[in-house]
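Student: One structure, as structure tokens, below. Some questions next.
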Amino acid sequence: MQIQVQENLVQKLEELAQQQHRPIGELVADAIQQYITHLDEETQFRLDVRAAMKEHEWLLNELSKQ
């Protein structure tokens, strides 16, 4: 797969790759994996919050009346 990246991002990736002694492709793959993991965790968090709110809906309704 090929992607186009802004030149300033390419320069930053090259700098990071040199600093970390890693290939750019590895940095990009790690970044994508972290992004996907973050999205998965955020989605699960939102589902958990909604479930907790649904479970305690009666209490939230009572508190909103106060």
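Note that the numbering used here gives residue 10 to position 24 of the sequence shown, counting from 1, and the numbers run on in steps of one. Every residue, glycine too, gets a C-beta built ideally from N, C-alpha and C. Note that the structure is predicted; figures quoted are calculated from it, not measured.
What's the C-alpha gap between glutamate 12 and serine 50?
Tutor: Walking along the sequence shown from the start, residue 12 turns up at place 26. Walking along the sequence shown from the start, residue 50 turns up at place 64. Their Cα atoms are separated by approximately 50 Å.
Student: Are leucine -1 and isoleucine -11 touching if we call contact CB-CB under 7 Å?
Tutor: Indexing the sequence shown from 1 puts residue -1 at position 13. Indexing the sequence shown from 1 puts residue -11 at position 3. Against a cut-off of 7 Å, the Cβ pair of isoleucine -11 and leucine -1 comes out as no contact.
Student: Mapping DSSP to helix, strand and coil, what is isoleucine -11?
Tutor: Here residue -11 corresponds to residue number 3 of the sequence shown, with the count starting at 1. Coil.
Student: Identify the continuous alpha helix (DSSP H) that holds histidine 24 and give its terminal residues.
Tutor: Mapped onto the sequence shown, residue 24 falls at position 38. Where histidine 24 is concerned, the enclosing alpha helix (DSSP H) stretches over 10 to 41.
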